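Chemist: Below: one structure in structure tokens.
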Amino acid sequence: MIWTTAGNLFVVDESTGDNNINDQVHLPVTASPPSHKALVPQITLITVGVVTLNMLAIAGVVIMYKRSKCKKWHKRPRSGCFNNALSTPRLRATPSASQPTSVENQVDNRQNVTSDDAGVSSTSRATSGEVNTSGRYLPHSELIPQRAKESNLNVFCEPGYERGSDTSLATPQEGVATRAPVQVLQGSDPYRLVMIGQFGPEGGVLACEDSDVILEIPPGAIPADHGSQTIVAKVSLRPDIAGPKLKDSDSLWLTPLVEFESPGLERFNKDVRMRLPHCAHMKPGWTFRVNYTNPTAATNSNPGNFNQEPESDGALLPDDAKSQSQWFFVEHKCTLTKSGKSCRRVSEEGGDVTFTVDEKYFNISTSHFSKYSCSGCHKEHPLHLEAVVYWNHTKVEGREQMDLNVYILDPIKDSRAHVKENERGSECHTGYYPLILGYKKKNKETSPLEISVQEDCMGDHWKWRLDTYNGCLPAKKVFPIQSLIRCCSPLLFSRQTFSFSPKNPAEVKELTLFQAIICVKQQNWPKGEPTHILVTVPLSAKKLTGSYLNASNKEEGVVTDAHIQLVEEKLSVKKWRPLYRRLMGDGADVGIEHIAARYPDNTAEQIHEALVSWRKSLGRLATLRDLMLALEAVGQKDIAEDLRQPKEIKYELIIHDDSQSVCQETHV
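Note that our numbering has the sequence shown beginning at 54, numbered continuously upward.
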């Protein structure tokens, strides 16, 4: 073996192990390798380069992934309702796909507004969840669609219902399964509207902008193997007719009556939640009750476990519905929590319906669908109501008139929509002013409601005069609060009309503004101060298309509000039923019973409701000629003649010997 060290050559004999220096050779000495400190800059540079390349590669992958997700996003079917099914609205989901579908913190449907608010276009809404890349629906809480203006698609219309003015469809997409159309239809009496939606095992929320009724279906409530399920909700503002009889005379209806249907599905795997809006003023002393029908009670339940109500009158219900009107109820007394905002108690043992009550809703949980309506009893009958004033300005040659219709109604969307229908869709109204009304049954002091026009608030330069109430200010209408609350309890409304005309017809062209103050107050009732409603209407200088009594005076013309008002003022109380029979023909007696039940103590409202109901039922076919012929047939030829030749009404002030001024109307 040979090796070197320094400059010497060594030879080792492997057999003996001796090593001797055989020769000395001079070899060049090599330099020692560089130290690790000298290599640090090069290593750092290489490391930074490698890391940078890795980051660029990762960023490229992320960008490609996001682009692919964006393409998938635009290919997804849109959930929710849109006015134009041909549009492509953008949706924005919340970050969490597992967020529950409850709308408890989203929906505030009963805001009391004390200032004039513009009319809101009616658009339906139904939230069925979002869809992930696998096609599965995931619930979320926010859907912000860009709504389109028109839709030219044919909409399914269930037999027995008219097509509503507002219909919503989900956007169809090629190659992707979409949700079925969600519709809002006009219901047949006694139902005001019908909501129809399609839901799957993921659940969702059924609601619309025309109603405060909300249905929440949790995930898993619909069986996974059931597929798409049709859900129908029918809303009625007449629980006093379509619901059970109330045994206690102090009980009041507090919510609409809603009939839920799920064709082909008898029960849900989980309880669904129904939210019915109420008008009760929350305070201790209420006894709340949920009235419901149970389609399985006759076969699957022991009637002894339930509280059973008498059957409904069913005057306006079909025969098959009358046979199934077996009502049960769950009730409890109101014990407010520390926050003073809720009232809780589960139902009696053996029942399958539970509920809670908060300031706005009855929250009902159940596993089956049927009819539901809620009532309550309180010694003071305190209700949350509201007041609104609609106006109608008519201007014809030689005459100008301003009509103010004051409504007292239940503060929910359904009642507001009902009033708007009565005003033929008019957007000319003030804001909605909150009221708290009530009465004590055993109190000797009466608490009537007073609606008046405040003359002293208008000043001496007020250029209008009152035509109704004998033309004398202050105009005041006082009526029992019991009658009003009984009227508003089944979600109806009370209406009072005040008509004005210019004091000096020669100054009509100079009038550019109408103002009046309406005061609503309950006498001897400590809940709140009088409510003053300022009505301000800019006047148009041109002749209005509407007329006081049909400007063309054609007998085939459409019946206007002015025609109805003239008949109301002069029609005999005993004649409105024969007149209604003449106008409506067969089936009129059912409508008469319906009207008499709504206004048992108010003949003026009976006459008004009969005329409005006839006009609403026939629409454009309700002609002035038919009205005049019907009036002549019942012996009211004088009213028919007034409709043919409207008289100009003038007022003159007559001074009697006792120096009391009396306003008297004369016809020329």
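Just so it is clear, CB atoms sit at the ideal spot from N, CA and C, and this is done for glycine as well.
Since we're looking at a predicted model, the values are computed, not measured.
Do the region 528-538 and the region 469-489 touch if we need at least three Cβ pairs shorter than 8 Å?
Modeler: No, the region 528-538 is not in contact with the region 469-489.
Chemist: Please classify residue 472: does DSSP put it in a helix, a strand, or coil?
Modeler: Helix, per DSSP.
Chemist: Would residue 96 be called buried (16 or more neighbouring beta carbons within 10 Å of its own) or exposed?
Modeler: Exposed, since its Cβ has fewer than 16 Cβ neighbours within 10 Å.
Chemist: Distance check for residue 238 and residue 615, CA to CA, integer angstroms please.
Modeler: The alpha-carbon atoms of residue 615 and residue 238 are separated by roughly 30 Å.
Chemist: Do residue 294 and residue 330 count as a contact pair if the criterion is CB distance below 8 Å?
Modeler: Against a cut-off of 8 Å, the Cβ pair of residue 294 and residue 330 comes out as no contact.
Chemist: What residues in its chain sit with their C-beta under 7 Å from that of residue 314, if we drop five residues either side in the sequence?
Modeler: Closer than 7 Å at Cβ, skipping near neighbours: 285, 422.
Chemist: In angstroms, rounded to a whole number, what distance separates the CA positions of residue 641 and residue 667?
Modeler: Roughly 10 Å between the two C-alpha positions.
Chemist: In whole angstroms, give me the CA-to-CA distance for residue 301 and residue 380.
Modeler: One C-alpha to the other measures close to 16 Å.
Chemist: Going by the CB atoms, is the gap between residue 383 and residue 588 shorter than 8 Å?
Modeler: Their beta carbons are not under 8 Å apart, which means residue 588 does not touch residue 383 by this criterion.
Chemist: I'd like the list of long-range same chain contacts for residue 712, defined as Cβ closer than 6 Å, with 5 residues on each side in sequence excluded.
Modeler: Because the pLDDT of residue 712 is 34, which lies under 50, any placement of that residue in the model is unreliable, and the number read from its coordinates should be weighed accordingly. Excluding positions up to five away in sequence, the list is empty.
Chemist: Could you check if residue 436 is buried or exposed, using at least 16 other CB atoms within 10 Å of its CB as the buried criterion?
Modeler: Per the 10 Å Cβ criterion, buried.
Chemist: Rounded to a whole number of angstroms, what is the C-alpha to C-alpha distance between residue 266 and residue 689?
Modeler: Cα to Cα, the separation comes out at about 44 Å.
Chemist: Using the rule of at least 16 other Cβ atoms within 10 Å of the residue's Cβ for burial, across every protein chain shown, is residue 6 buried or exposed?
Modeler: Outside the modelled stretch of the chain, which goes from 54 to 721, sits residue 6, for which no answer is possible.
Chemist: Taking contact to mean 3 or more Cβ pairs, one atom from each stretch, closer than 8 Å, check whether the region 541-557 and the region 512-522 are in contact.
Modeler: Yes, the region 541-557 is in contact with the region 512-522.
Chemist: Can you tell me whether residue 119 sits near the ligand ZN, meaning its C-beta is under 7 Å from at least one heavy atom of the ligand?
Modeler: Only the bare structure without any ligand can be found here, which leaves the ligand ZN out of the picture.
Chemist: Judging by CA-CA distance, which residue of 590, 575, 289, 462 is the nearest neighbour of residue 584?
Modeler: It is 575 whose Cα lies nearest to the Cα of residue 584.
Chemist: Could you tell me whether the Cβ atoms of residue 417 and residue 335 are closer together than 8 Å?
Modeler: No, these two residues do not count as a Cβ contact at 8 Å.
Chemist: Since residue 310 contacts residue 426 with CB under 8 Å, what's their CB separation in whole angstroms?
Modeler: With a Cβ gap of about 4 Å, residue 310 and residue 426 count as contacting.
Chemist: Excluding the 5 residues preceding and the 5 following residue 249 in the sequence, name in chain order all residues of the same chain whose CB lies nearer than 6 Å to its CB.
Modeler: Excluding sequence neighbours, residue 249 sits near 236, 285.
Chemist: Since residue 634 is in the alpha helix (DSSP H), which residue starts that stretch and which ends it?
Modeler: Counting along the chain, the alpha helix (DSSP H) containing residue 634 begins and ends at 629-637.
Chemist: In the structure shown, what three-state DSSP assignment does residue 324 receive?
Modeler: Note: residue 324 maps to strand in three-state DSSP.
Chemist: Under the rule that 16 or more other beta-carbon atoms within 10 Å means buried, what is residue 245, buried or exposed?
Modeler: Classification of residue 245: buried, given that the 10 Å Cβ count is 16 or more.
Chemist: Hey, out of 506, 549, 298, 618, whose CA is closest to residue 344's CA?
Modeler: The residue with the shortest Cα to Cα distance from residue 344 is 298.
Chemist: As a quick exercise: from 491, 507, 506, pick the residue whose alpha carbon is nearest that of residue 500.
Modeler: That would be 491, whose Cα lies nearest to the Cα of residue 500.
Chemist: Within 10 Å of its beta-carbon, does residue 19 have 16 or more other beta-carbons around it, so buried, or fewer, so exposed?
Modeler: Limits of the chain in this structure are 54 at one end and 721 at the other, which puts residue 19 out of reach.
Chemist: Taking the alpha helix (DSSP H) that residue 653 falls in, what are its first and last residues?
Modeler: Careful: residue 653 lies outside any alpha helix (DSSP H) and carries neither H nor E.
Chemist: Can you tell me the Cβ-Cβ gap for residue 617 and residue 665, rounded? I've got them flagged as a contact below 8 Å.
Modeler: Going by Cβ atoms, the distance from residue 617 to residue 665 rounds to 7 Å, so yes, they are a contact pair.
Chemist: When burial is assigned at 16 or more other CB atoms within 10 Å of the CB, is residue 341 buried or exposed?
Modeler: With 16 or more other Cβ atoms within 10 Å, it is buried.
Chemist: Just verifying my parser: in three-state terms, what is the DSSP assignment at residue 750?
Modeler: Examination of residue 750 is not possible in this model, given that the chain is present from 54 through 721 alone.
Chemist: What did DSSP end up calling residue 577 once you bin it into helix, strand or coil?
Modeler: Three-state DSSP puts residue 577 in coil, outside helix and strand.
Chemist: Can you give the Cα-Cα distance for residue 273 and residue 409, rounded to whole angstroms?
Modeler: Approximately 23 Å between the Cα atoms of the pair.
Chemist: For residue 625, collect the residues of the same chain with a Cβ closer than 8 Å to its Cβ; drop the 5 residues on either side in sequence, then sort them by chain order.
Modeler: Cβ within range, chain order: 689.
Chemist: In three-state terms, what does DSSP make of residue 489?
Modeler: It is a strand residue.
Chemist: Buried or exposed: where does residue 280 fall if 16 or more other Cβ atoms within 10 Å of its Cβ makes it buried?
Modeler: So residue 280 counts as exposed.
Chemist: Measuring straight from C-alpha to C-alpha, what distance separates residue 316 and residue 431?
Modeler: Cα to Cα, the separation comes out at about 38 Å.
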